[in-house]
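Here numbering that gives the first Met the number 0 is used: the first residue of the sequence shown is 0, the next is one more, and so on.
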Amino acid sequence: MTGAAITNDGCIATVNIAGGINAYFTSRGEVTASPYSGFNVCHYTGDDPAKVERCRVYIAGKAGIDPCKLIMPRQTHSINCRVIDSLPVVAEDLESVDALVTSLPGVAIGVSTADCVPVLLADPVNGVVGAAHAGWRGAVGGIVGVTLDRMIALGADPHYIKAVMGPCICKDCFEVGEEVARQFPHDCVIDEEGRKPHVDLPAYVASILIAGGVAPEAVAMPFACTKCDSDRYFSARALGINSGRNFSMIVKT
Ligand SMILES: [Zn+2]
């Protein structure tokens with residue numbers, strides 16, 4: 000597992016995954032007293048719709064696509080993955096969806112997170128990309144494996160897949176109850192005398208990707224912790240769930 004090479008432009012970090020395939024990770028932008036701060040494209044967690052739309056147009060411009068080709072689901076910690084194979088996509092088809100895959104050029108797919116793991120995937124050889132929202136529930140439920148399967152059904156080969164995880168909660172910040180810890184393999188749980196268990200969620204996601212055939216060296220681990228750096232990234236644990244979201248999207252041109 001590796002780190003990603005990042006180009007940073009204020010509130011959007013860009014990772015070039017392969018020729019013509021870019022991943023984008025947003026941060027809060029200008030931090031204000033508001034839990035929504037400066038930059039937020041998530042339309043269903045209570046932020047001002049006009050501002051959300053301005054941010055959406057901005058990131059679409061950054062990626063060089065039409066804003067109507069930026070597809071984001073309304074997530075519910077499900078393990079539902081939607082294949083985007085034509086546009087437009089009606090809103091109902093994006094309800095209770097936590098991962099997207101596509102092979103359409105110029106269509107950006109992304110997920111919103113605030114502590115959960117955003118996982119962006121690309122098979123540059125076969126031209127298939129994916130984006131998954133992996134909180135602990137979705138991760139344990141199998142969202143990452145489901146997303147890989149959908150990509151393979153679209154023609155991807157796991158041996159060519161590159162994965163990049165965006166900002167999410169680190170193992171030192173992710174304190175959980177025993178009932179949550181019990182659902183993870185032992186090697187992803189940190190149990191120390193005198194404190195509650197902690198879970199290494201990115202390590203768990205990486206293990207699922209590798210078990211699914213992705214090469215360990217093709218998995219880029221998160222470059223930041225949302226909770227450690229909650230001035231820069233939205234963190235549900237730091238700000239509450241009525242807050243902005245970090246957006247992670249991938250597009251092939
Ligand atoms: Zn942390």
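Backbone N, C-alpha and C fix where the C-beta goes; we use that ideal spot for every residue, glycine too.
Counterpart residues of residue i in DSSP-defined beta bridges
i, result
"residue 197", "174 and 189"
"residue 15", "21"
"residue 236", "Answer by DSSP bridge pairing: none, since residue 236 is not bridged."
"residue 81", "99"
"residue 167", "224"
"residue 7", "12"
"residue 245", "112"
"residue 1", "219"
Check: residue i C-beta below 7 Å from any heavy atom of ligand 1
i, result
"residue 168", "yes"
"residue 226", "yes"
"residue 47", "no"
"residue 171", "yes"
Local conformation of residue i per DSSP, three classes
i, result
"residue 206", "helix"
"residue 225", "coil"
"residue 220", "coil"
"residue 250", "strand"
"residue 153", "coil"
"residue 73", "strand"
"residue 94", "strand"
"residue 31", "coil"
"residue 146", "helix"
"residue 212", "coil"
"residue 66", "helix"
"residue 37", "coil"
Where the alpha helix (DSSP H) through residue i begins and ends
i, result
"residue 256", "Given that the chain is displayed from residue 0 to residue 252, the structure contains no residue 256 and the question cannot be resolved."
Span of the beta strand (DSSP E), counted from its first residue to its last, around residue i
i, result
"residue 120", "116–122"
"residue 107", "107–112"
"residue 56", "Taken as a continuous stretch (DSSP letters only), residue 56 belongs to no beta strand (DSSP E), being part of the alpha helix (DSSP H) at 48–62."
"residue 162", "161–164"
Buried or exposed by the 16-neighbour rule on C-beta atoms within 10 Å, applied to residue i
i, result
"residue 158", "exposed"
"residue 137", "buried"
"residue 67", "exposed"
"residue 195", "exposed"
"residue 63", "exposed"
"residue 197", "buried"
"residue 132", "buried"
"residue 86", "exposed"
"residue 203", "buried"
"residue 30", "exposed"
"residue 186", "exposed"
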